[in-house]
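*Asks:* Please read through the structure below; I'll follow up with questions.
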Amino acid sequence: MNISPNSVVALTYELHTTNEEGQQVFVEKADEQNPLVFLYGTGMMLPKFEEHLAGLQTGAEYGFELSAADGYGEIDPGAFADLPKTMFTEAGGEVPSVGDVIPLQDNQGNQFRAGVTAVHDENISVDLNHPMAGKNLLFTGVVLNVREATQDELAHGHAHGADGHSGH
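Start counting the sequence shown at 236; every next residue gets the next number (our numbering).
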């Protein structure tokens, strides 16, 4: 079976980015013991990631690069903010350190993460861009399995594991 809309795909991958010196930097991987399993064509994955996998079959090896624009977008210079330090200390919490990733919530209840870029006397400076924004993404891997999605998976909009039986 070829990877196509409404198929469940299990695959391995290694993800690298490129640093300022042009060297590849390892980010993460999914291996055969813990593969990435997803329902293809439902918008859960980056569109260009899926586009590169279209038509592949079990056993196929792949490798491709997504530009920052096709991945998590370019860095938005307007996505930086200064938060009052009291946000963290009022409830007895600790002040985060530079490099920490902190959970935040907007006024509509949407949760997201921000990276701490500086700690000042009164404020904490954060970067609200996705951690992979502005970076090209280099993927390599192997397609482990492709199968038709079950009716439950289609109704729920996500895969229930490589074999379709890891429900909820």
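No residue lacks a Cβ here, since even glycine has one placed at the ideal position from N, Cα and C.
Specify whether the stretch 391-401 and the stretch 301-314 touch according to this definition: at least 3 beta carbon pairs, one from each stretch, less than 8 Å apart.
*Replies:* Not touching, per the Cβ criterion.
*Asks:* Taking C-alpha atoms, which residue in P366, S332, L288 and A245 lies nearest to D311?
*Replies:* Ranking P366, S332, L288 and A245 by Cα distance to D311 puts P366 first.
*Asks:* Going along the chain, which residues of its own chain have a beta-carbon closer than 7 Å to the beta-carbon of G350, five neighbours each way excluded?
*Replies:* Hits under 7 Å: V336, V361, D362 and P366.
*Asks:* I need the DSSP call for P319, collapsed to helix, strand or coil.
*Replies:* P319 falls in the strand class under three-state DSSP.
*Asks:* Expressed to the nearest angstrom, what Euclidean distance is found between the alpha-carbon atoms of L271 and Y307?
*Replies:* Between L271 and Y307, the C-alpha separation is close to 18 Å.
*Asks:* To the nearest angstrom, report how far apart E255 and L373 are at their CA atoms.
*Replies:* Distance between the alpha carbons of E255 and L373 is about 15 Å.
*Asks:* For N380, which residues of its own chain have a beta-carbon under 7 Å away from its beta-carbon, when the five flanking residues on both sides are left out?
*Replies:* These residues qualify, in order along the chain: A245, T293 and A397.
*Asks:* Can the beta-carbon of G376 be found closer than 8 Å to that of E249?
*Replies:* Result yes, Cβ atoms of G376 and E249 sit closer than 8 Å.
*Asks:* Where DSSP assigns a beta bridge to L339, which residues make up the other side?
*Replies:* Note: L339 sits in a beta bridge opposite F347.
*Asks:* In terms of residues, what are the limits of the beta strand (DSSP E) holding K264?
*Replies:* Q259 to A265 is the extent of the beta strand (DSSP E) around K264.
*Asks:* Taking the C-alpha atoms as reference points, what is the distance between L274 and H251?
*Replies:* Taking the straight line from one Cα to the other gives about 23 Å.
*Asks:* Looking at the secondary structure, which residues open and close the alpha helix (DSSP H) in which E285 lies?
*Replies:* P282 to L288 is the span of the alpha helix (DSSP H), which, as asked, contains E285.
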